[in-house]
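See structure below.
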Amino acid sequence: AQSVAQPEDQVNVAEGNPLTVKCTYSVSGNPYLFWYVQYPNRGLQFLLKYITGDNLVKGSYGFEAEFNKSQTSFHLKKPSALVSDSALYFCAVRGSQGNLIFGKGTKLSVKP
Amino acid sequence: DTGVSQNPRHKITKRGQNVTFRCDPISEHNRLYWYRQTLGQGPEFLTYFQNEAQLEKSRLLSDRFSAERPKGSFSTLEIQRTEQGDSAMYLCASSTPSGQVFISYNEQFFGPGTRLTVL
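Chains D and V supply the protein sequences, listed in that same order.
Per the numbering used here, the very first residue in the first sequence carries number 5; after that it's consecutive.
Per the numbering used here, the very first residue in the second sequence carries number 635; after that it's consecutive.
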């Protein structure tokens, strides 16, 4: 069965520092992986996805993610965090019906 | 605004009552998904539609839940005889513009959700 795991409930970063939000996956077949962000009282917003090809995927708002097949990971990264990046981040893998299977989420807190 | 919309945004009901939520997907998107999100968890898949056809239901979707998508446009999710365990955020998402072949890695666009509280 497809699944993703986000091992950190919360990540704290100082503004201007690089950030990493971790995600590992378990799939049968080719993984299609996604990152979404959720701000309070707003819906999930798509950030980026990995399909195939380059292991470094660039997405919205300066975020990128690194796909690592040997470690079955898809970590979200940003070189310089902003206070406005503070939100809940979800990693997801495509399920058998085209649905998304989400991790539990990681709360990112960026302090000035 | 041409995004996914959901109504109502909040619903408070008493246990045993029926509730209905509405989702309006992005115009001409032929796939529509319903998810449920509880506090501290990621969204969990409930069901999805390809146009007006409901193609899959998760085991989370008990027989008290029913979803429709008449004419392949908006969708409704009804919960009958609500229980306190039904309290959650119900999210709707759409993908795949009409006329395009479904691609399994198309991103989904989510609405703001309907927060249900069952007292």
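Where is the CB? At the ideal position from N, CA and C, for every residue including glycine.
Name the DSSP bridge partner or partners of residue i?
| i | result |
| --- | --- |
| glutamine 14 (chain D) | D:Lys111 |
| arginine 665 (chain V) | V:Gln684, V:Ser729 |
| glutamine 640 (chain V) | V:Cys657 |
| valine 752 (chain V) | V:Thr647 |
| arginine 670 (chain V) | V:Glu678, V:Tyr724 |
| serine 77 (chain D) | D:Thr28, D:Asn72 |
Can you pull the chain D residues whose beta carbon is under 8 Å from the beta carbon of residue i, in chain order?
| i | result |
| --- | --- |
| glutamate 741 (chain V) | Phe38, Phe50, Lys53 |
| phenylalanine 699 (chain V) | Within chain D, no residue comes near phenylalanine 699 (chain V); the closest Cβ sits about 16 Å away, beyond 8 Å. |
Three-state secondary structure (DSSP) at residue i?
| i | result |
| --- | --- |
| tyrosine 682 (chain V) | strand |
| glutamate 65 (chain D) | For the sequence presented, residue 65 (chain D) should be read as tyrosine rather than glutamate. Three-state result, tyrosine 65 (chain D): helix. |
| serine 696 (chain V) | coil |
| glutamine 718 (chain V) | helix |
| aspartate 89 (chain D) | helix |
| lysine 705 (chain V) | helix |
| glutamine 6 (chain D) | coil |
| isoleucine 55 (chain D) | coil |
| glutamine 101 (chain D) | coil |
| serine 84 (chain D) | coil |
| tyrosine 40 (chain D) | strand |
| glutamine 49 (chain D) | strand |
| glutamate 741 (chain V) | coil |
| glutamate 712 (chain V) | strand |
| glutamate 690 (chain V) | strand |
Taking residue i as the query, report the chain V residues whose CB atoms sit under 7 Å from its CB, ordered along the chain.
| i | result |
| --- | --- |
| asparagine 59 (chain D) | By Cβ distance, chain V contributes nothing, its closest Cβ being about 16 Å from asparagine 59 (chain D), past 7 Å. |
| glycine 109 (chain D) | Gly676 |
| phenylalanine 94 (chain D) | Gly676 |
Give the interface partners of residue i over in chain D, defined as CB-CB distance under 9 Å, in chain order.
| i | result |
| --- | --- |
| tyrosine 682 (chain V) | Gln101, Gly102, Asn103 |
| leucine 725 (chain V) | Gly47, Leu48 |
So which residues on chain D does residue i lean against when the C-beta distance must stay under 7 Å?
| i | result |
| --- | --- |
| glutamate 690 (chain V) | Gln101 |
Kindly list, in the order they appear in chain V, the residues whose Cβ is closer than 8 Å to that of residue i.
| i | result |
| --- | --- |
| phenylalanine 78 (chain D) | Those within 8 Å of phenylalanine 78 (chain D) in chain V number zero; the least Cβ separation is about 13 Å. |
So which residues on chain C does residue i lean against when the C-beta distance must stay under 7 Å?
| i | result |
| --- | --- |
| phenylalanine 71 (chain D) | No chain C is present in this structure, whose protein chains are D and V. |
* Asked: Closer than 9 Å, Cβ to any Cβ of chain D: which residues of the segment 651-679 of chain V, in chain order?
  -> Arg665, Tyr667, Tyr669, Gln671, Gly674, Gln675, Gly676, Pro677, Glu678, Phe679
* To do: Quick one: which residues of the segment 703-723 of chain V get their C-beta closer than 7 Å to a C-beta of chain D? List them in chain order.
  => none
* To do: With 9 Å as the limit, tell me which residues of the segment 638-649 of chain V have their beta carbon closer than that to any beta carbon of chain D; keep them in chain order.
  => Val638, Gln640, Arg643
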